[in-house]
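Numbering (numbering that gives the first Met the number 0), first residue to last: 0 to 387. Notes to accompany the following structure.
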Amino acid sequence: MGTSYHRAFLTVACCSGYFVMGLVISLIGVGLNAFGEQLSVSPTEIGSGFFLAIGSATFIMLFAAGPLIDRFGQKCVLVAGSIFCGVSVLLLSRISSFASACWIMFLLGSGTAGLNAGANTLINHLYPQNPGRALNLVNIFFGLGAVSVPLLASWLFLSFGLIHLLILTAGFCFLPAILFASSGFPSETQMARFSLKEAALALSDPLVPLFALVLFFYVGLEASLGIWSRLAVVDKWKVHAPFDQIILAGFWASLVIGRLAAGTIFKYFPSHKLVLYCAVGSCIGLTGYLLGPSVEMASAALWFSGLCFAPIFPSTLGSVGTCFKRYTGTIFSLVIAMGVLGSVALSTAVGKLGGSSSLSNAFRLILAVAFLMLITQIMISRKVRKRL
0 MGTSYHRAFL
10 TVACCSGYFV
20 MGLVISLIGV
30 GLNAFGEQLS
40 VSPTEIGSGF
50 FLAIGSATFI
60 MLFAAGPLID
70 RFGQKCVLVA
80 GSIFCGVSVL
90 LLSRISSFAS
100 ACWIMFLLGS
110 GTAGLNAGAN
120 TLINHLYPQN
130 PGRALNLVNI
140 FFGLGAVSVP
150 LLASWLFLSF
160 GLIHLLILTA
170 GFCFLPAILF
180 ASSGFPSETQ
190 MARFSLKEAA
200 LALSDPLVPL
210 FALVLFFYVG
220 LEASLGIWSR
230 LAVVDKWKVH
240 APFDQIILAG
250 FWASLVIGRL
260 AAGTIFKYFP
270 SHKLVLYCAV
280 GSCIGLTGYL
290 LGPSVEMASA
300 ALWFSGLCFA
310 PIFPSTLGSV
320 GTCFKRYTGT
330 IFSLVIAMGV
340 LGSVALSTAV
350 GKLGGSSSLS
360 NAFRLILAVA
370 FLMLITQIMI
380 SRKVRKRL
C-alpha cells in the first residue's frame, strides 16, 4: 500500500461502494415477482432463498475479509468485492433455475461482504476523530442506492425489462472497482505487526459480543422491513402499484434522511447515546405500524421507524472504532457478520411466518426484536460510558 492518497477521492469511492450495496439488495427485493415468474417460484420462496444465499456467503466471507484487511489493507478486498457484485448481477440475467440463481446470490453475497467490511474500515481510518459522523454521512449512499430502484421500478421495468435493468445495474457495480484500483491508500504501520493471537484477544473484549448482538438485531430488522414491508402493505391494505413501491421507497428515503441528520444536526452527539434514543424511537414507530388504522398512518409509522433506524448501524460502528483502535478490520467484520446472520435469520423467519399465516402477524416478531435491540443497547451505553 502506498502512502500517497487523496482522502476526498477515497471517500467518493467508498460512497460508490455503499451505493452499489444498496442498489443490489433493493433490486432483488423489487424484482421478487419478476424473478418468481421467470423461475415459476413464489415470491416468498424466492425472497427466502435469495437472501439465505446472500446472507450465508456474506457471513462466511466477512470472517476472511477482516484479517485480510488488517494484514494487507482494504484495497484488494474492495476491488474484488466490487467485481464480484458486477459479475453476479450480469449472471442473474441468464438464470435458468432456482438452484443456479441461489449460487449466483452466494457470489453476490461474497462481493457485498468485501465492500461492506472494506468501506466501513477505510472510512473509520480516514476519519478517526469522529468516525460515527463520517460513517453516517457516507452510509447515506446505501440508502440512495436502495431507494433509486423502487422509486423508478415501474418505469424501469416497462422501459428496459428485467434483463436490461440487470445489465444497467451491473455497470454501476463495476464503478467502485475502477475508483479503488486507481487510487492510493493510506499506509498502516500496524499491518506488519498483525498477529492472529492478538486479534483473537481483541475479540474477547466483553463489549464485542454486545456490539455484535445489536447489529444482529438491527440488520435483521432493516432487511426484514426492506424485503417484506411492501408485500405486507399489499397483503393487509390491498395497495397496488405504484403506491406499494412508493411506500417502500419512502422507507429507504427515511434511512437517508436519518443518517444525514445524524451526520449533521447530531454530529457531536455521542454515538452510543444516539443509538439508544434511536432504538426507543424504532420501537415506537413499529408499534404504530402494527396498530395503524389506515394505510396512510401505517406508512407514516414505517417511515418514522426508518428515520430512527438510520443512525444505528453506522453509529454503532463509530462506537466500535472509538473503543478499538487496533484490529479494527477484524472486529468490524465480526460484528457486521453477526448483523448479516441476523438479516438471514429474521428475514427468513418473517417470510416463513408470513407464508403460514400473514405478514401482518409476522411483523409482531419484528417488534419483539426491536425491543430486544433496545435492551442490548442500554447495556452497551452503560459500558461505553464507563470506558470513555
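Using N, Cα and C, we set each Cβ at its ideal position, and we do this for glycine too.
Let's test the definition: count the other Cβ atoms within 10 Å of the Cβ of residue i and tell me whether it reaches 16, buried, or not, exposed.
i	result
Pro-310	buried
Ile-246	buried
Tyr-17	buried
Thr-168	buried
His-271	buried
Met-337	buried
Thr-120	buried
Gln-128	exposed
Lys-385	exposed
Ala-278	buried
Phe-159	exposed
Trp-154	exposed
Thr-263	exposed
His-390	Lying before the first or after the last residue shown, residue 390 is absent from the chain, which here runs from 0 to 387.
Tyr-267	exposed
Pro-130	buried
Ile-374	exposed
Glu-295	exposed
Lys-74	buried
Leu-22	buried
Leu-387	exposed
Leu-195	exposed
Pick helix, strand or coil for residue i, following the three-state DSSP scheme.
i	result
Ile-264	coil
Gly-110	helix
Asp-243	helix
Lys-391	This structure cannot speak to residue 391, because the chain is shown only from 0 to 387.
His-5	coil
Val-40	coil
Ala-79	helix
Arg-70	helix
Met-0	Low local confidence applies: a pLDDT of 42 at Met-0 is under 50, so the model's placement there is unreliable, and no value is given.
Phe-173	coil
Arg-93	coil
Gly-30	coil
Between which two residues does the alpha helix (DSSP H) containing residue i stretch?
i	result
Asn-138	Neither: Asn-138 is in no alpha helix (DSSP H) and is coded neither H nor E.
Asp-204	Counting along the chain, Asp-204 falls outside any alpha helix (DSSP H), and DSSP gives it neither H nor E.
Phe-323	Per DSSP, Phe-323 belongs to no alpha helix (DSSP H) and is neither H nor E.
Ile-379	358-386
Phe-126	Checking the sequence shown, residue 126 turns out to be Tyr, not Phe. No alpha helix (DSSP H) holds Tyr-126; DSSP gives it neither H nor E.
Ser-182	Neither: Ser-182 is in no alpha helix (DSSP H) and is coded neither H nor E.
Ser-281	270-290
Ser-194	Where Ser-194 is concerned, there is no enclosing alpha helix (DSSP H), given that its DSSP letter is neither H nor E.
Gly-305	294-308
Find the nearest neighbour of residue i within the set the options, judged by alpha-carbon distance.
i	options	result
Val-78	Gly-183, Met-337, Pro-205	Gly-183
Leu-259	Gly-144, Ala-133, Arg-93, Asn-123	Ala-133
Gly-350	Leu-106, Tyr-326, Pro-42	Pro-42
Gly-144	Gly-320, Gly-46, Pro-292, Met-20	Met-20
Ser-342	Phe-308, Phe-216, Met-378	Phe-216
Ser-186	Val-218, Gly-160, Asp-69	Asp-69
Ala-198	Cys-322, Val-339, Ile-330, Leu-290	Ile-330
Pro-66	Thr-321, Tyr-4, Ala-100, Thr-327	Thr-327
Tyr-4	Leu-161, Ala-180, Ser-39	Ala-180
Leu-164	Val-383, Ser-15, Leu-89, Pro-130	Leu-89
Ala-176	Leu-114, Ser-99, Ser-357	Leu-114
Pro-269	Gly-35, Gly-30, Ser-314	Ser-314
Cys-84	Leu-26, Gly-46, Val-40	Leu-26
Gly-280	Ser-318, Ala-369, Ser-293, Ser-194	Ala-369
Ile-226	Leu-209, Phe-34, Ile-24	Ile-24
Leu-209	Ile-377, Ala-33, Ser-92	Ile-377
Ala-112	Ala-56, Gly-142, Val-232	Ala-56
Met-104	Ser-95, Ser-87, Ala-118	Ser-87
Thr-321	Ser-203, Ile-122, Gly-284, Ser-99	Ile-122
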